Amino acid sequence: MSNQSFTHLDVLESESIHIMREVAAECKNPALLFSGGKDSIVMLRLAEKAFRPARLPFPLVHIDTEHNFPEVIACRDKLASDLGERLIVRSLDDSIKKGTIVLKNADQGRNVFQSVTLLETIAEFEFDACIGGARRDEEKARAKERIFSFRDEFGQWDPKNQRPELWDTYNTRVHAGENIRVFPISNWTEMDIWEYIARENLYIPEIYYAHERDVIRRDNGILPVSHLVQPKSGEKIEKMTVRFRTVGDMTCTCPVESNARNAQEIIEETAITRITERGATRMDDQTSEASMELRKKEGYF
Amino acid sequence: MSNTTQLLRFITAGSVDDGKSTLIGRLLHDSKSIFEDQLSAITKTSERRGGLGSVDLSLLTDGLQAEREQGITIDVAYRYFATPKRKFIIGDTPGHEQYTRNMVTAASTANLAVILIDARKGVLTQTRRHTFIASLVGVPHVVLAVNKMDMVDYSQEKFDAICTEYRAFAAQLGLHDMTCIPMSALNGDMVVERGENLNWYQGSPLLELLENVVIDYDINTTDFRYPVQWVCRPQTQEYHDFRGYMGRIESGVITVGDEITIQPSGRTTKVKEIVTYDGNLQSARAPQSVTLTLTDEIDISRGDMFVKSETMPQVSKEFEAMLCWLSESPLDLNRKYIIKHTTRVVKCSFARLGYRVDVNTLEQHSSSALNMNDIARVAMKVQLPLVFDSYIKNRFTGSFIVIDEATNNTVAAGMIA
Ligand SMILES: Nc1nc2c(ncn2[C@@H]2O[C@H](COP(=O)(O)OP(=O)(O)OP(=O)(O)O)[C@@H](O)[C@H]2O)c(=O)[nH]1
Ligand SMILES: [Mg+2]
Numbered sequence: 000m001s002n003q004s005f006t007h008l009d010v011l012e013s014e015s016i017h018i019m020r021e022v023a024a025e026c027k028n029p030a031l032l033f034s035g036g037k038d039s040i041v042m043l044r045l046a047e048k049a050f051r052p053a054r055l056p057f058p059l060v061h062i063d064t065e066h067n068f069p070e071v072i073a074c075r076d077k078l079a080s081d082l083g084e085r086l087i088v089r090s091l092d093d094s095i096k097k098g099t100i101v102l103k104n105a106d107q108g109r110n111v112f113q114s115v116t117l118l119e120t121i122a123e124f125e126f127d128a129c130i131g132g133a134r135r136d137e138e139k140a141r142a143k144e145r146i147f148s149f150r151d152e153f154g155q156w157d158p159k160n161q162r163p164e165l166w167d168t169y170n171t172r173v174h175a176g177e178n179i180r181v182f183p184i185s186n187w188t189e190m191d192i193w194e195y196i197a198r199e200n201l202y203i204p205e206i207y208y209a210h211e212r213d214v215i216r217r218d219n220g221i222l223p224v225s226h227l228v229q230p231k232s233g234e235k236i237e238k239m240t241v242r243f244r245t246v247g248d249m250t251c252t253c254p255v256e257s258n259a260r261n262a263q264e265i266i267e268e269t270a271i272t273r274i275t276e277r278g279a280t281r282m283d284d285q286t287s288e289a290s291m292e293l294r295k296k297e298g299y300f
Numbered sequence: 000m001s002n003t004t005q006l007l008r009f010i011t012a013g014s015v016d017d018g019k020s021t022l023i024g025r026l027l028h029d030s031k032s033i034f035e036d037q038l039s040a041i042t043k044t045s046e047r048r049g050g051l052g053s054v055d056l057s058l059l060t061d062g063l064q065a066e067r068e069q070g071i072t073i074d075v076a077y078r079y080f081a082t083p084k085r086k087f088i089i090g091d092t093p094g095h096e097q098y099t100r101n102m103v104t105a106a107s108t109a110n111l112a113v114i115l116i117d118a119r120k121g122v123l124t125q126t127r128r129h130t131f132i133a134s135l136v137g138v139p140h141v142v143l144a145v146n147k148m149d150m151v152d153y154s155q156e157k158f159d160a161i162c163t164e165y166r167a168f169a170a171q172l173g174l175h176d177m178t179c180i181p182m183s184a185l186n187g188d189m190v191v192e193r194g195e196n197l198n199w200y201q202g203s204p205l206l207e208l209l210e211n212v213v214i215d216y217d218i219n220t221t222d223f224r225y226p227v228q229w230v231c232r233p234q235t236q237e238y239h240d241f242r243g244y245m246g247r248i249e250s251g252v253i254t255v256g257d258e259i260t261i262q263p264s265g266r267t268t269k270v271k272e273i274v275t276y277d278g279n280l281q282s283a284r285a286p287q288s289v290t291l292t293l294t295d296e297i298d299i300s301r302g303d304m305f306v307k308s309e310t311m312p313q314v315s316k317e318f319e320a321m322l323c324w325l326s327e328s329p330l331d332l333n334r335k336y337i338i339k340h341t342t343r344v345v346k347c348s349f350a351r352l353g354y355r356v357d358v359n360t361l362e363q364h365s366s367s368a369l370n371m372n373d374i375a376r377v378a379m380k381v382q383l384p385l386v387f388d389s390y391i392k393n394r395f396t397g398s399f400i401v402i403d404e405a406t407n408n409t410v411a412a413g414m415i416a
């Protein structure tokens with residue numbers, strides 16, 4: 000390797016490993032947020048690269064909306080157990096039972112409520128740092144966020160008053176009760192993620208690849224039919240060949256029509272797509288101009 | 000796209016309203032890097048905000064509510080795009096003086112800075128400040144974009160006059176790798192396309208220049224510097240005696256068998272293995288993150304630095320540095336602060352305030368206080384020795400941040416003299 004130049008993936012990978020090691024070294028009690036989605040699977044591999052041959056110096060934590068695709072949950076459990084790493088799962092249902100989350104109706108989208116359970120979990124385990132897989136290319140508020148993003152005791156992000164972040168010298172300091180969200184793949188794009196999945200031959204949930212699925216058309220999107228999404232009167236079930244660009248809450252995550260059956264074919268599609276990842280797939284992000292910024296101010300990652 | 004595409008990190012900088020955000024929007028738009036849903040979202044927002052029928056491209060990076068309300072940039076937005084030649088990470092920085100710390104943030108990792116000037120207004124204080132900061136943090140390439148040429152009838156005379164004035168200022172800072180481009184970010188002249196209006200200009204449009212500028216990652220390739228981040232002790236049966244020192248090679252090269260010195264203790268040993276998840280390597284170089292094992296058992300912890308024995312860094316508890324003060328509360332000379340330098344975190348105090356630099360004239364004034372956005376030479380003392388090089392020699396081992404222990408805020412950026 001030493002005579003040829005590094006690829007951009009090599010450079011990004013090294014940056015991410017450096018970030019994870021800084022967290023392990025400077026934070027007292029960090030956690031890696033791990034959902035079983037593609038970005039968190041990439042992060043898991045980066046964590047392995049950062050810390051092997053030792054075990055990871057932090058547990059994996061999943062905030063489960065109970066609205067996840069079963070394939071994703073299966074993948075989450077398989078990867079955690081294959082690696083022998085500790086997985087902590089906390090469910091929105093627990094917060095609902097406790098009354099800290101109050102739903103308007105049983106089947107509504109649950110992404111907005113993830114912050115509540117996340118903050119409860121942070122308090123329960125006294126995590127002072129949570130490593131998350133958000134990327135700056137995903138959304139305009141995320142494009143503004145630091146790699147080490149300070150959150151106050153209420154988990155809030157203050158976008159008008161972020162800490163300066165110079166070179167690769169990260170300020171990880173917090174007082175008790177506050178925490179830091181760390182985004183080691185801030186500088187990765189959707190394309191980089193797919194190129195890395197291909198290069199590392201990463202195992203990801205099958206629903207990222209083209210498959211046939213029952214869907215309905217609703218609000219300018221296509222929604223997967225599931226126990227949570229059933230056709231209303233006037234809607235009919237269609238069979239389509241689709242894949243998911245993101246995997247989130249089943250009630251508001253739309254697949255895209257595609258025939259891409261492996262990472263290489265997805266890379267080719269990603270190169271020519273004219274719609275952003277979230278624009279194509281997340282109905283809840285489109286409710287207002289600043290949905291993501293507002294959620295992040297409330298403690299979302 | 001080829002996998003060996005290089006990565007260029009650049010920023011836009013300059014005074015308020017010179018068109019930095021618009022330029023990035025234009026660059027993304029004309030290079031077909033805007034997605035349909037993004038374009039339709041900013042079109043809707045432009046209409047709602049009463050735009051004059053045209054899309055406000057600055058909305059692409061001004062993503063915060065407060066920024067959109069005020070039509071200004073508050074914090075850096077990072078954008079990513081690629082052409083067949085290169086991958087780009089853009090940092091769109093704010094022009095307002097109040098948010099200079101956010102400009103410094105983006106500049107500290109940039110390979111190149113595009114400094115914008117409004118052709119009607121010429122070189123302003125904030126233009127000078129940003130240029131000075133770019134030179135101070137060692138951004139290797141500077142492009143001067145004389146923007147809003149549409150508002151001065153695309154006058155070559157105007158352009159030449161501004162370039163002459165700017166070049167004189169830049170030369171005082173030792174910025175010699177500098178190109179001047181006339182443009183209209185609003186209409187797209189000389190951004191991606193040449194356009195019809197600036198035919199007198201012989202040079203290349205901005206994108207072509209960005210694609211072709213030679214970058215070397217600003218990495219010092221001669222002096223091996225390896226700050227220990229984390230000591231790896233797996234304590235499993237298989238790796239019972241394994242003790243690896245994890246870190247990122249900040250500069251230079253290391254090969255199995257090389258003799259190294261551990262600083263600040265000064266002890267020497269040899270590299271036994273270069274371990275990575277993908278297998279052991281014979282040699283490695285910056286910016287790789289690796290794990291090193293050594294032939295001798297030595298007491299080593301985070302904050303120590305491995306260096307190659309022929310090129311020694313300085314090891315000292317006292318040094319001088321240029322400091323950018325970033326905090327709203329001024330420096331308190333009676334207080335102790337914390338320094339983070341490579342992987343070492345130590346207490347520090349300010350022994351002496353040297354001169355402060357007037358960003359307009361570059362004159363040096365003696366000073367007794369350091370307020371937000373001031374840039375000054377200081378003498379510092381730290382509680383434990385640091386292992387460092389001058390910033391000019393090495394961006395990684397010559398830089399540090401200052402943290403206020405009471406608030407935990409990052410209050411200053413330092414560059415060792
Ligand atoms: N006529 C003309 N107007 C321009 C041009 N470029 C930008 N503008 C206008 O200048 C104004 C300010 O543009 P912005 O892109 O927001 O400026 P900025 O430099 O990002 O401002 P800050 O980030 O707040 O410092 C907007 O009204 C733009 O439409 C240009 O080339 N020609
Ligand atoms: Mg702007």
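Note that the protein sequences, when read in sequence, are chains A and B. According to numbering that gives the first Met the number 0, the first sequence holds residues 0 to 300 in order. According to numbering that gives the first Met the number 0, the second sequence holds residues 0 to 416 in order. C-beta: ideal position from N, C-alpha, C; glycine also. Everything numeric in this text was worked out from a predicted model, so none of it was measured.
Should residue i go down as buried or exposed, given a rule of 16 or more other Cβ atoms within 10 Å for buried?
i                 : result
Pro312 of chain B : buried
His175 of chain B : exposed
Gly256 of chain B : exposed
Gln363 of chain B : exposed
Ser1 of chain A   : Only weak support exists for where Ser1 of chain A lies, its pLDDT of 40 falling under 50; the value from the coordinates is given anyway. It counts as exposed.
Asn421 of chain B : Only positions 0 to 416 of chain B appear in this structure, which leaves residue 421 of chain B out of reach.
Glu66 of chain B  : buried
Ile62 of chain A  : buried
Trp193 of chain A : buried
Asp240 of chain B : exposed
Tyr202 of chain A : exposed
Arg85 of chain A  : exposed
Name, in chain order, the residues that DSSP records as bridge partners for residue i.
i                 : result
Trp229 of chain B : B:Met245
Trp324 of chain B : B:Ala411
Gly13 of chain B  : B:Leu115
Val252 of chain B : B:Arg284
Ile179 of chain A : A:Ala128 and A:Phe149
Glu46 of chain B  : Note: Glu46 of chain B sits in no beta bridge, so no partner.
Ile72 of chain A  : For Ile72 of chain A, which the question treats as bridged, DSSP gives no partner whatsoever.
Glu256 of chain A : A:Val241
Arg376 of chain B : B:Met321
Cys251 of chain A : In the DSSP output, where bridge partners are listed per residue, Cys251 of chain A has none listed.
Gln5 of chain B   : B:Arg85
Do you know how far the Cα of residue j is from the Cα of residue i?
i                 : j                 : result
Arg376 of chain B : Glu319 of chain B : 7 Å
Thr275 of chain B : Met182 of chain B : 47 Å
Gln281 of chain B : Glu272 of chain B : 8 Å
Glu292 of chain A : Val111 of chain A : 12 Å
Val151 of chain B : Asp91 of chain B  : 25 Å
Asp188 of chain B : Gly202 of chain B : 13 Å
Ala368 of chain B : Pro56 of chain A  : 43 Å
Arg242 of chain B : Arg44 of chain A  : 22 Å
Ile400 of chain B : Asn146 of chain B : 34 Å
Ser1 of chain B   : Ser185 of chain A : Legend: pLDDT at Ser1 of chain B = 36, less than 50; position of this residue unreliable, value from coordinates given subsequently. So the alpha carbons of these two residues sit roughly 22 Å apart.
Ile40 of chain A  : Gly121 of chain B : 50 Å
Ser250 of chain B : Ser288 of chain B : 11 Å
Ala142 of chain A : Tyr79 of chain B  : 10 Å
Val224 of chain A : Thr272 of chain A : 25 Å
Thr275 of chain A : Gly173 of chain B : 42 Å
Quiz item: Can you pull every residue whose C-beta falls closer than 7 Å to some heavy atom of ligand 2, listed in chain order?
Solution: With the criterion CB distance below 7 Å from any heavy atom of ligand 2, the matching residues run B:Lys19, B:Ser20, B:Ser57, B:Thr60, B:Asp61, B:Ile71, B:Thr72, B:Asp91, B:Pro93 and B:Gly94 along the chain.
Quiz item: Do the segment 257-267 of chain A and the segment 124-139 of chain A meet, that is, are 3 or more Cβ pairs less than 8 Å apart?
Solution: no
Practice problem: Evaluate the contact criterion for the segment 223-242 of chain B versus the segment 300-317 of chain B: three or more CB pairs, one atom per stretch, below 8 Å. | Solution: yes
Exercise. Please determine if the segment 161-180 of chain B and the segment 123-138 of chain B are in contact, where contact requires at least 3 C-beta pairs separated by less than 8 Å.
Key: yes
Quiz prompt | Given 8 Å, three or more beta-carbon pairs between the segment 92-108 of chain A and the segment 67-76 of chain A | solution = no
Quiz item: If we count Cβ pairs, one from each stretch, closer than 8 Å, do we get three or more for the segment 176-185 of chain A versus the segment 11-29 of chain A?
Solution: In this structure the segment 176-185 of chain A lies against the segment 11-29 of chain A, because at least three pairs of beta carbons, one per stretch, are closer than 8 Å.
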